[in-house]
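Each remark here refers to the structure printed beneath this line.
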């Protein structure tokens, strides 16, 4: 008797006994019958397989947070209660708490995992190959705090920051140009608490163990990512000089789009002639359509609210230094 001869109500139970996504993938590809029985796993099964030790998707849980960060942010800004839920998850649960909240809002799907695999192959791994030699170093180096000791983790945390706080970064200009009201961004307090919890560092908290993740992030940004972004973004056509500074700062904080600039750099290409990522070209178009007064107002007025303290956002680096000052 063949496995595929079993009744369908038995076959559909097989995925529940698998140990990894590789096992699920193998089962789906085995036959048309098993594909039909196994190709629509439940969100809880996908999460169990994706986060199992056999799968080895690292850094965990940060990669899964990264692919859900924008959805989580869009949900959070919809109400004061949602904002408070996110704020509480950050403070009380750290990365695992944020992942639990994100997946309660938007469960993992096979499409998410396909997206993650594609992004790793086309953006994350190529960008890491560039950034690791620029700002990384061996963990046992004598002056370990002068390099980024965990470039992969820092790179994913950068992606999370950019997407989770995109309402502070690019949304004001994009919404003003589209003549729609920009959502009130997440507060400065939420942003700094996120940095505190996601980037444990002995310089800011005594329970950080031997971690220096704030310093790691500063090295990733200052020694690698932002250096490349400045070079690449200078080639993006922008007719209004008055918008250039704001454009550079925001476009350097657009997550995967900004990391794609690193890949362009590695390929010996620049972001001119339509090669810039679509999100960055859209931001350039939006800022170019606004005069200086409208652009300033977008960031000072459209986001002003009792719940918001984000009028003074400058950069990820500035936020880190702010945390140092208040430690």
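In this note's numbering, the protein residues as written are 198 to 524. Every residue gets a Cβ at the ideal spot worked out from N, C-alpha and C, and that includes glycine.
For the set 343, 201, 441 and 346, the Cα lying nearest the Cα of residue 228 is the one of 201. The beta carbon of residue 310 sits closer than 8 Å to those of 218, 243 and 247, all from its chain and outside the five residues before and after it, given in chain order. Contact check for residue 388 and residue 516: beta-carbon distance about 6 Å, within the 8 Å limit, so the pair qualifies.
For residue 521, the enclosing alpha helix (DSSP H) begins and ends at 513-522.
In this structure, residue 303 lies near residue 269, with their beta-carbon atoms less than 9 Å apart. DSSP places residue 476 inside the alpha helix (DSSP H), whose first and last residues are 475-486.
Under the three-state reduction of DSSP, residue 404 is assigned to coil, being neither helix nor strand. Along the length of the segment 400-477, whole alpha helix (DSSP H) runs at least 4 residues long occupy 410-417, 423-430, 441-448 and 453-463, reported in chain order. The segment 375-394 makes no contact with the segment 431-450; the number of CB pairs closer than 8 Å stays below 3. If only uninterrupted alpha helix (DSSP H) runs of at least 4 residues are considered, those enclosed by the segment 251-336 are 259-273, 277-285, 291-302, 307-316 and 322-332.
Residue 316 sits close to residue 453, with the two beta carbons spaced by under 9 Å. Judged by pairs of C-beta atoms under 8 Å, the segment 406-419 does not touch the segment 268-288, as fewer than three such pairs exist. In this structure, the alpha-carbon of residue 383 lies about 12 Å from that of residue 282. In this structure, the straight-line span from the alpha carbon of residue 284 to that of residue 207 is close to 43 Å. In the DSSP assignment, residue 345 forms a beta bridge with 333. Taking a 10 Å sphere around the C-beta of residue 363, we find 16 or more other C-beta atoms and assign the residue as buried.
The C-beta distance from residue 351 to residue 359 rounds to 13 Å, too long to fall under 8 Å, and the pair is not in contact.
Residue 390 is positioned such that its CB atom lies closer than 9 Å to that of residue 287. When the Cα atoms are used, residue 306 and residue 254 turn out to be separated by approximately 15 Å.
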